[in-house]
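One structure is given here, and the rest of the page talks about it.
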Amino acid sequence: MEPQKEARTPRDPVARLPGASSSQKPDEEERREGGSAPAATALDAEADGASADGLWELPVEPPERRPECSRCSRPQKVCLCPFLPVHPLHISTHLYIIQHPAEENKVLRTVPLLAACLPQDKCKVKIGRRFSEERDPELSTVCRKSDTLILYPGADAANLEEFILDSPIYPSTIIIIDGTWSQAKDIFYKNSLFRLPKQVQLKTSISSQYVIRAQPTNRCLSTLECAAVALSILEKNNYIQETLLRPLQALCSFQLQHGAQIRLSKEHLLKTGLYPKPMPKNKRKLRKMELLMNSIKI
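Quick note: the sequence shown uses this note's numbering, first residue 1, plus one each step.
What follows is the structure, given as structure tokens:
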């Protein structure tokens with residue numbers, strides 16, 4: 001986890017009380033309006049300022065964080081380790097997770113659960129928005145290998161199951177981008193490295209079990225679910241998918257039992273007339289909405 005950022009120091013000249021001004025005194029402002037400030041008001045203002053200055057001198061303590069489990073990265077009181085495999089799964093595929101920085105500190109993220117199920121040398125998480133050969137030589141080397149795939153849907157993406165049947169070189173590495181759909185799109189298209197590997201996608205009829213976080217469509221899967229399906233295909237072992245989904249199911253079940261609500265997809269809300277927001281006026285966004293309502297892939 002990222003360390004807590006330091007609070008602004010009391011003597012920071014930028015930090016001021018709301019409405020305070022260093023260039024004008026209250027009586028000067030009143031004279032500009034044609035009157036004069038009563039003496040009592042000026043004294044009260046000075047007293048308030050002195051009190052406020054005193055507040056800045058009080059020590060600031062960082063908020064206490066609940067102790068976290070070293071394996072699943074969940075608070076110890078809600079640890080999900082009982083739902084993880086006793087030993088990391090034995091796989092031959094190398095998995096690289098490209099994680100948007102905004103995902104790193106989200107409470108309900110799935111990547112720590114995924115990493116906890118796999119050997120450390122087979123699952124690497126790279127955090128950032130921009131990657132280059134100079135900044136990350138290791139990732140650059142991986143992207144240039146002929147047996148590396150990147151999982152990202154699109155018109156140029158091959159079906160993973162079909163691709164491995166026809167490919168003369170069996171894939172040894174797969175890259176998955178972790179973030180919202182807009183964040184993933186930004187990372188994919190603004191990093192030329194990620195267009196070097198063969199682009200593949202999953203064609204599956206399963207619906208996401210990550211029901212505590214909204215998805216654009218019912219067929220959109222979380223990062224953990226994508227990895228579970230992809231690894232089970234590459235390793236030719238359905239047990240991998242079952243094992244990786246177990247902690248996700250436990251996480252969602254726990255959250256629902258403690259007040260969380262099922263988050264229906266935007267596609268479902270649009271089709272059932274339950275979408276709570278007005279339809280966008282922007283033609284491009286409106287077109288996307290119409291495609292979702294008609295179950296056309298966007």
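Where is the CB? At the ideal position from N, CA and C, for every residue including glycine.
Note that the structure is predicted; figures quoted are calculated from it, not measured.
If you draw a straight line from the C-alpha of residue i to the C-alpha of residue j, how long is it?
{"i": "residue 302", "j": "residue 247", "result": "The first residue shown for the chain is 1 and the last is 298, placing residue 302 beyond what the model contains."}
{"i": "residue 69", "j": "residue 75", "result": "6 Å"}
{"i": "residue 183", "j": "residue 143", "result": "20 Å"}
{"i": "residue 113", "j": "residue 79", "result": "11 Å"}
{"i": "residue 146", "j": "residue 259", "result": "47 Å"}
{"i": "residue 207", "j": "residue 83", "result": "21 Å"}
{"i": "residue 152", "j": "residue 77", "result": "36 Å"}
{"i": "residue 238", "j": "residue 245", "result": "11 Å"}
{"i": "residue 197", "j": "residue 236", "result": "21 Å"}
Is residue i helix, strand or coil when you go by DSSP?
{"i": "residue 105", "result": "coil"}
{"i": "residue 123", "result": "strand"}
{"i": "residue 91", "result": "coil"}
{"i": "residue 68", "result": "strand"}
{"i": "residue 209", "result": "coil"}
{"i": "residue 99", "result": "strand"}
{"i": "residue 200", "result": "strand"}
{"i": "residue 278", "result": "coil"}
{"i": "residue 73", "result": "coil"}
{"i": "residue 247", "result": "helix"}
{"i": "residue 255", "result": "helix"}
{"i": "residue 214", "result": "coil"}
{"i": "residue 79", "result": "coil"}
{"i": "residue 241", "result": "helix"}
So the candidates are the options; which of them puts its Cα closest to the Cα of residue i?
{"i": "residue 212", "options": "261, 130, 169 and 126", "result": "261"}
{"i": "residue 205", "options": "257, 191 and 220", "result": "220"}
{"i": "residue 99", "options": "172, 79 and 188", "result": "188"}
{"i": "residue 308", "options": "87, 194 and 89", "result": "An answer regarding residue 308 cannot be provided, because it is not within the stretch 1 to 298 covered by the chain."}
{"i": "residue 186", "options": "67, 66, 71 and 101", "result": "101"}
{"i": "residue 203", "options": "258, 71, 154 and 125", "result": "154"}
{"i": "residue 174", "options": "72, 127, 226 and 148", "result": "148"}
{"i": "residue 170", "options": "86, 160, 179 and 284", "result": "160"}
{"i": "residue 115", "options": "231, 255 and 252", "result": "231"}
When DSSP builds the beta bridges, which residues end up paired with residue i?
{"i": "residue 114", "result": "In the DSSP output, where bridge partners are listed per residue, residue 114 has none listed."}
{"i": "residue 233", "result": "Answer is none; residue 233 lacks a bridge partner."}
- Message: As an exercise, report each continuous alpha helix (DSSP H) stretch of at least 4 residues that is fully enclosed by the segment 131 to 195, in chain order.
- Response: 137 to 144, 160 to 166 and 181 to 189
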